[in-house]
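Numbering (UniProt numbering), first residue to last: 1 to 146.
Just so you know, even glycine gets a beta-carbon here, dropped at the ideal spot from N, CA and C.
As the structure is a prediction and not an experimental result, all values here were calculated from the model.
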């Protein structure tokens, strides 16, 4: 068995495992955004109680995860789409059915992974950009008080 055959067998699983990964990423993204909103509110109310290093660490907490998810979710979704297209073409090649309906059904199912990748990435990027901007604002206020 060649390496191509092994990879093809893995690819024929399709994009479902990728969708589960993206679903988990979306839940984590939402949880981080909610947690950061609450944390930033508390930090803003108690700004005077932090030393500079602790303040920066608290403000930057989990923002790297949002940035990573925002940057990588579209690629993960694209990977799922590629796997889905491979599965669709393999099914088309091995099936007795033929026609536009068979091709379009497989490709439309494969594109769900791309949509899901964007569904994860867009809020992650918006959240990341919002919190970075808010962090800069709070640090500026903190510095002006010292």
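(message) Just to confirm my understanding: we take residue 125, look at its own chain, exclude 5 residues before and 5 after, and list those with CB closer than 7 Å. What are they?
(response) 70
(request) Could you round the C-beta distance between residue 135 and residue 60 to whole angstroms and report it? I think they count as a contact, below 8 Å. (result) 7 Å
(message) Given a cut-off of 8 Å on the beta-carbon distance, is the pair residue 115 and residue 18 in contact?
(response) no
(message) DSSP three-state label for residue 97, please.
(response) coil
(request) Provide the residue span of the alpha helix (DSSP H) that contains residue 56, from first to last. (result) 52 to 60
(request) Return the CA-CA distance between residue 67 and residue 132, expressed in angstroms with no decimal places. (result) 10 Å
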